[in-house]
Amino acid sequence: GFDDVRELDIPFGRDSYELTDKGRATLDRLASYLEVDQSIRHVILSGYAAKAGNRIYNQELVQLRLDQVQEYLLDRGVPGELLVALQRQGKGSRRIRIRLQR
540 GFDDVRELDI PFGRDSYELT DKGRATLDRL ASYLEVDQSI RHVILSGYAA
590 KAGNRIYNQE LVQLRLDQVQ EYLLDRGVPG ELLVALQRQG KGSRRIRIRL
640 QR
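Structure (structure tokens):
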């Protein structure tokens, strides 16, 4: 149900924007859920840039990761108008956090 998918993390390898098998499986589960729950108004994708290292590189890497997640969800039939992508600073780099809003 909703509580199982309300907040999800999509992991990435260091310096990578390729989706992992675990990430794809999580996105598949989310896309399947969104097909049946029409009450979801927003799927918020938050990409976290590492504080260490080159800031521009980190921001570009986060954007590539956000793009990968968005494209995957769109390919699975998730309506684009639900998707909201945000870049964040701080802890939790190497992942995209997904939060659903009703």
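Under the numbering used here, the first residue of the sequence shown is numbered 540, with each subsequent residue one higher.
In this text, a Cβ means the ideal position worked out from N, Cα and C, and glycines have one as well.
All of these numbers come straight from a predicted model, not from anything done at the bench.
In the structure shown, I549 falls within a strand segment according to DSSP collapsed to helix, strand and coil. Of all C-beta pairs linking the segment 582 to 589 to the segment 622 to 629, three or more are shorter than 8 Å, placing the two stretches in contact. If the five residues before and after R604 are omitted, its C-beta is found closer than 7 Å to the C-beta atoms of F551, Y556, G586 and I635, all from its own chain and listed in chain order. Nearest to K561 by C-alpha distance, out of S571, V617, Y572 and I549, is I549. Excluding the 5 residues flanking it on each side, A589 has same chain C-beta neighbours closer than 8 Å at N597, S632 and R633, in chain order. Taking a 10 Å sphere around the C-beta of I595, we find fewer than 16 other C-beta atoms and assign the residue as exposed. For D567, the closest alpha carbon among the candidates V601, A591, Q609 and Q577 is that of Q609.
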